[in-house]
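Asker: When the letters of the sequence shown are read in order and numbered with the numbering used here, they come out as residues 15 to 85.
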Amino acid sequence: MENQNNNGPGNNANNPLFNILGNALASSQKYATESSGVETRKCSNCGAARPEGTDLSTCDYCGFEFFKTGE
15 MENQNNNGPG NNANNPLFNI LGNALASSQK YATESSGVET RKCSNCGAAR
65 PEGTDLSTCD YCGFEFFKTG E
């Protein structure tokens, strides 16, 4: 009987797709903690969204006054 080496087509060590998959699995994170950077503000009277980064003192939809200005 001849000695068979493990370099045939069924050997995973010579299969480039197996090597790529093994590398991807080894380098990927299964679980990670991230905090989102999205902040939303809503009108406490009607629930309408307030545009972020603006200094609106009244709601555009219902007229609710968020804070009093020094007028």
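Even glycine gets a Cβ: it sits at the ideal position worked out from N, Cα and C.
Which term fits Cys73, buried or exposed, when burial requires 16 or more other beta carbons within 10 angstroms of its beta carbon?
Answerer: buried
Asker: Can you list, in chain order, the residues of its chain with a C-beta nearer than 6 Å to that of Cys57? Leave out the 5 residues immediately preceding and following it.
Answerer: Excluding residues within five positions, the ones whose Cβ falls inside 6 Å are Cys73, Phe78.
Asker: What residues are listed by DSSP as bridge partners for Lys56?
Answerer: Ala63
Asker: Given this structure, state the Cα-to-Cα distance separating Asn37 from Ser49, to the nearest angstrom.
Answerer: Looking at the two C-alpha atoms, the distance is approximately 27 Å.
Asker: What's the gap between the Cα of Lys82 and the Cα of Gly61?
Answerer: The C-alpha of Gly61 is placed about 19 Å away from the C-alpha of Lys82.
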